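Heads up: the structure comes next, in structure tokens.
Rendered as structure tokens:
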């Protein structure tokens, strides 16, 4: 038998969360929004659950450097190639500033998880290097971050078959 009946039909997610915490005497244990970063290749489709998607195809593609073709953005030579470019540094500064602005706003609205999609052409070089860098920077800022390189193995198999 129910001990409380709650009319939630006109509540925002934030109001519903507050009402449930109050009614059920719950405390939120997370102090910050949780972040899931997904690197992907646009040719394989955008992650359906991504809240924010960033396209990094404007950065020079290491795929066209023969000695980097079979490597990934997790390998030091590729990461260095991608991350040391002026446009990448500016992109990271601007995007990370935006994210650090947005995350507390999302949390105020009752959102405790955000999925970031970082996409390049195949999901092997640029997106993986940048997703890894953003994940590390957000962890340093105190966020709980998970990272997934969705298409990296698919691209590795494709290139190996060439």
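Numbering (my numbering), first residue to last: 21 to 182.
For glycine and all other residues, C-beta sits at the position ideal for the given N, C-alpha and C.
Small disclaimer: the values here were computed from a predicted structure and weren't measured.
Hey, residue 143 and residue 64 are a contact pair by Cβ (cut 8 Å); roughly how many whole angstroms apart? As a working note, residue 143 is residue 123 in the chain shown. As a working note, residue 64 is residue 44 in the chain shown. Right, their Cβ atoms sit about 6 Å apart.
Could you tell me the boundaries of the alpha helix (DSSP H) in which residue 150 lies? One-based indexing of the chain shown puts residue 150 at position 130. From DSSP, the alpha helix (DSSP H) with residue 150 extends over 146 to 160.
Should residue 26 go down as buried or exposed, given a rule of 16 or more other Cβ atoms within 10 Å for buried? Position 6 of the chain shown, counting from 1, holds the residue named residue 26. With fewer than 16 Cβ atoms within 10 Å of its Cβ, residue 26 is classed as exposed.
Exposed unless 16 or more other CB atoms sit within 10 angstroms - verdict on residue 86: If you number the chain shown from 1, residue 86 lands on position 66. Classification of residue 86: exposed, given that the 10 Å Cβ count is below 16.
Please report the straight-line C-alpha distance between residue 179 and residue 24, rounded to a whole angstrom. Within the chain shown, numbered from 1, the residue matching residue 179 stands at position 159. Within the chain shown, numbered from 1, the residue matching residue 24 stands at position 4. When rounded, the distance between both Cα atoms is 59 Å.
Helix, strand or coil, according to DSSP, for residue 56 in the structure here? Locating residue 56 in the chain shown gives position 36, where the first residue counts as 1. DSSP places residue 56 in strand when its eight states are reduced to three.
Quick check: residue 163 and residue 79, are their CB atoms within less than 7 Å of each other? One-based indexing of the chain shown puts residue 163 at position 143. One-based indexing of the chain shown puts residue 79 at position 59. Cβ distance not < 7 Å, so residue 163 and residue 79 don't count as in contact.
Which stretch, first to last residue, makes up the alpha helix (DSSP H) that contains residue 103? Looking up residue 103 in the chain shown gives position 83. Looking at the DSSP string, the run of the alpha helix (DSSP H) that includes residue 103 is 96 to 103.
Should residue 171 be labelled buried (16 or more other beta-carbon atoms within 10 Å of its own) or exposed? Taking the chain shown and counting its residues from 1, the one referred to as residue 171 is at position 151. Residue 171 should be labelled buried.
Comparing alpha-carbon positions, which option in 73, 130, 176 lies nearest residue 151? Along the chain shown, read from residue 1 onward, the residue named residue 151 stands at position 131. Closest option to residue 151, Cα to Cα, is 73.
With respect to the alpha helix (DSSP H) encompassing residue 122, which residues constitute its N-terminal and C-terminal limits? The count along the chain shown starts at 1 and reaches residue 122 at position 102. Here the alpha helix (DSSP H) through residue 122 covers 106 to 128.
Hey, does residue 58 have any beta-carbon neighbour from chain D nearer than 7 Å? Structure shown: chain D not included; a single protein chain is present.
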